[in-house]
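Positions in the sequence shown are counted from 1; adding 502 to them yields our numbering.
Heads up, the beta-carbon is just placed ideally off N, CA and C, and yes, glycines get one too.
See structure below.
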Amino acid sequence: MPEVSVRKGEPIDRALKRLKSKMESEGIMEEVRRLRAFETPTQKTKRKAKSNAKRAKAKQRFNLQ
């Protein structure tokens, strides 16, 4: 679980924004959204294919450089 310490004199809104960005970068929000509702096998297959395509594209891009 990501942790954010609120600095002295820092607005709560800014600390919340940092927390949200940390959670987003770690993939926690995506996981929560995915588990919120039932995912059909077709949806699961499409999600995994999309993820694999994204990973392959990034791998190819870094191999060319």
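Go through its chain and collect everything with a Cβ distance to residue i's Cβ below 6 Å, but skip five positions before and after it.
i, result
"Lys556", "none"
In the structure shown, what three-state DSSP assignment does residue i receive?
i, result
"Met503", "coil"
"Lys510", "coil"
"Thr542", "coil"
Write down the C-beta distance between residue i and residue j rounded to the nearest angstrom, noting that I regard them as a contact closer than 8 Å.
i, j, result
"Pro504", "Met525", "6 Å"
What residues in its chain sit with their C-beta under 7 Å from that of residue i, if we drop five residues either side in the sequence?
i, result
"Arg520", "Val506"
Please name the residue in the options whose C-alpha comes closest to that of residue i.
i, options, result
"Arg549", "Glu528, Lys510, Arg535", "Arg535"
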